[in-house]
Amino acid sequence: MRNAGKQTCAFRPFMGASLMILIVDHREITVSYENNTLCVRREGGKLQRIPVALLEQVIVYGSPTIEMPVWRALSTAAVPTTLLSQRGSQEPAIMAAGLAVRLPLRRLQFRCAEHTGCAVAVARWFLQQKFAAYDLPLSHFNAEQRQPFKQQRAELLDKLNQADSIAKLMGYEGVLAAAWFALLAHGLPDKWRFNGRNRRPPQDPFNALLSLGYTLLMADIRQVLVCEGLDPAFGFLHQPVAGREALVLDFAEIFRAAVDFSLYAFLGCLNPKDFSYSQAHGCRLTKDARPTFYNFWAEFREQCPRLSADDEGDITFSSLAEQIRGKVAGFRGILNNQEQDNG
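Everything in the sequence shown is counted per this note's numbering, starting at 14 for the first residue and increasing by one.
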């Protein structure tokens, strides 16, 4: 884990191999745009210039002043941007480029989503991917600890493959997710106060990290989906609801295990004092601890873990965006197969 170092400014660029994540987290910051460059200044501070071409993600906390041309430039450059409230009192917002002009794939998406048989089959595919992905975080546990979960997963997978409705699929997913978080609660030290998944607001450090990690994950997923020409709001497992991008949530199910696996290990870099608590806003990372987290997240995006496809089950690493594009290719294949089978 790279050392975040001492932070002396309220915006923080975190470098990956060649690109950076920009964090803006102070209301006194002003961000403007000129000549393909973001101009970042804190009141009374030195002007910093960051070429848009070097950015791969922007994360904004609270309400700094960001001029309209900045948003236009980030959208044009397809830089995903996540807007987080300062105290977690509002839902995160995700901004990115507009839909790519790839109408055949988007029309195929709509046709399959509106056909009940196709929609159930595609939703099942998402959960089959999710169920298999649990093998990655299970590697944190010994054989005796993981065996009951694996047995329950096998039983639920049999039911999953026979399910004839989205409601049944979601029910089986919920049962296995609860079992997974119960296993995590058993494995995490008591100091982390983790007793299962909770949110809005999260009540303990690990849930705070999960909520933040899942939010940032969905920003990357959304960016890939729109660049591929898919409608992020039109899902299969998650049904379209105003204000919710259902297809983004569908793909997030596949990658939650990688986030869980990585955050479970990342807790070793933190201690409970790195989190603050309030009745209104729950548990959140302190501002001083954010640099450590975002250094971790920059590495996660570059070197996202996954199990190898061979029988050895070794953990390999590749970029998160590359893995998302791979799943989109699989998704496209499922759509084509379902339309042929049900056409």
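C-beta: ideal position from N, C-alpha, C; glycine also.
In chain order, L140, L169, K172, L173 and A176 place their CB closer than 8 angstroms to the CB of Y185, counting only its own chain and leaving out the 5 sequence neighbours on each side. In its chain, beyond the 5 residues on either side, D244 and F247 have a beta carbon closer than 8 angstroms to the beta carbon of F123. Distances from the alpha-carbon of N350 to those of L121, K204 and K340 put L121 closest. The three-state secondary structure of F194, taken from DSSP, is helix.
F288 sits away from C282, with the two beta carbons spaced by 7 angstroms or more. CA-to-CA, the gap between M108 and A167 works out to about 38 angstroms. Under the DSSP assignment, C52 falls in the beta strand (DSSP E) whose first and last residues are T50 to R55. Assignment of T95 by DSSP, reduced to helix, strand and coil, places it in the strand class. With a 10 Å radius around the Cβ and a threshold of 16 neighbouring Cβ atoms, T94 comes out buried. For L230, the closest alpha carbon among the candidates G242, D273 and G75 is that of D273. Taking a cut-off of 8 angstroms on C-beta distances, the stretch 260-267 does not touch the stretch 203-211, as fewer than three cross pairs fall below it. Cβ contact annotation for S178 (same chain, cutoff 8 angstroms, sequence separation greater than five): V133, in chain order. The three-state secondary structure of E352, taken from DSSP, is helix. Within the DSSP bridge table, the entry for Y147 names no partner.
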